[in-house]
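Numbering (the working numbering), first residue to last: 263 to 512.
Quick reminder that beta carbons are idealized off the backbone N, C-alpha and C, glycines included.
For clarity, every value in this text was computed on a predicted model and none was experimentally measured.
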Amino acid sequence: MTTGETLRQPAAVDPAAARYIAPGHLTGAALDAVRDWYRAEHATPLHLTGFLVPELAARLAGALRAVPTWARHASLIEKGREPTEYWGDEADTAPDATASQFRVPDIHALFADGVLPPEHRRTLEEFFVFTVLSDLFRDWLRAGTGLRLRKRTAMELAAYRNSDGLADHQDLMPGRVFAVNFYLDEEYRQEHGGRLGYRNGRGEEFHAAPHFNSLSVIPIREDCWHWVEPFTSDRVGRYTIAMAQHLEES
């Protein structure tokens, strides 16, 4: 790699993104690779390791573990319909659930005074500035895909215990083009399972392990399905910040 290639940042990516995204994912070559991935004839998940600046990833992992409002959650996901959701005790007894995990019921409530220690609150605020309130993350995606993405997004904080997972589903919503996952469990190991699975229109299957500080971007298409294999650790883990990305005009 030449010095020029190392330093080159396409104009579409604000230099301020380097505060959040590790340098290796801001090079011209890295964005060209994202472009090639998106333009491929058949969809695959994009899985990038070491995506965030390491110091930010470590602070985010600590902040997620410190959240006091994790609650059991399950849902029934059916094509073309809004999911049926179950919370608390119902989540562990729902006979038709296709997804089981821990979720934070109200992310906004985390920013109320006294809910989180100040350092963890500041870390989550910083991440939301990066991914939602500013265009920095959306512009990184746009630099690789050419898509203009709207600011309003759905976000979930999720964690898993032994046997939790998600059955195959599509997330087909008007204008939705990507599901994005930031994996932030520094204790995750390959033997803990919980891999992301993806199947495209050709029936090809792909799997990505949620290693610490990796990112997955899942194309949402009519002929594609994705799921989460059962998590097998004896502790709660696989901490994830999940986001949906929609076209700007949708």
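Tell me the DSSP secondary structure of residue i in three-state form.
i, result
"G465", "coil"
"R383", "helix"
"W349", "strand"
"F390", "helix"
"Q452", "helix"
"W489", "strand"
"V296", "helix"
"E317", "helix"
"T407", "helix"
"A278", "helix"
"G376", "coil"
"G437", "coil"
"P307", "coil"
"H335", "strand"
"A421", "strand"
"A516", "Absent from the structure is residue 516, since the part of the chain shown begins at 263 and ends at 512."
"T502", "strand"
"H457", "Residue 457 is actually Arg in this sequence, not His. Coil, per DSSP."
"H508", "strand"
"R231", "Shown here, the chain extends from 263 to 512; a query on residue 231 therefore has no answer."
"L269", "Per-residue confidence for L269 stands at a pLDDT of 37, beneath the threshold of 50, marking its modelled position as unreliable; the derived number appears in the next sentence. L269 falls in the helix class under three-state DSSP."
"R483", "coil"
"R399", "It should be pointed out that residue 399 corresponds to Phe in this sequence rather than to Arg. It is helical."
Using the Cα positions of residue i and residue j, report the straight-line distance between them to the nearest angstrom.
i, j, result
"R281", "V315", "7 Å"
"F313", "D375", "31 Å"
"C394", "R461", "What sits at residue 394 in the sequence shown is Val, not Cys. In a straight line, the C-alpha of V394 is about 28 Å away from that of R461."
"A292", "P285", "10 Å"
"V428", "L446", "According to the sequence displayed, residue 428 carries Leu and not Val. Cα to Cα, the separation comes out at about 18 Å."
"F356", "G456", "Before going on, a small fix: residue 356 reads as Ala here, not Phe. So the two alpha carbons sit approximately 21 Å from each other."
"A319", "L509", "27 Å"
"A273", "A359", "Only weak support is given to the placement of A273: the predicted model assigns it a pLDDT of 44, under 50, and the question is left unresolved by the model."
"G406", "R301", "10 Å"
"V439", "Q452", "28 Å"
"L398", "V296", "16 Å"
"G350", "A371", "18 Å"
"V275", "A353", "41 Å"
"S476", "E449", "13 Å"
"I283", "L386", "15 Å"
"D298", "P307", "12 Å"
"F515", "G290", "An answer regarding residue 515 cannot be provided, because it is not within the stretch 263 to 512 covered by the chain."
Throw me the rounded Cβ distance for the residue i and residue j pair, which I believe falls under 8 Å.
i, j, result
"L434", "I482", "7 Å"
"P367", "T331", "7 Å"
"F389", "L322", "6 Å"
"L310", "H287", "6 Å"
"A279", "W402", "6 Å"
"Q363", "A421", "7 Å"
"N424", "D496", "6 Å"
(Q) Contact between the segment 453-467 and the segment 404-415 is defined here as three or more beta-carbon pairs at a separation below 8 Å; is this criterion met? (A) no
Q: Decide yes or no for the touch test of the segment 486-495 against the segment 324-338: beta carbon pairs closer than 8 Å, at least 3 of them.
A: no
Q | Cβ contact check for the segment 337-346 and the segment 496-504: 3 or more pairs under 8 Å | A | no
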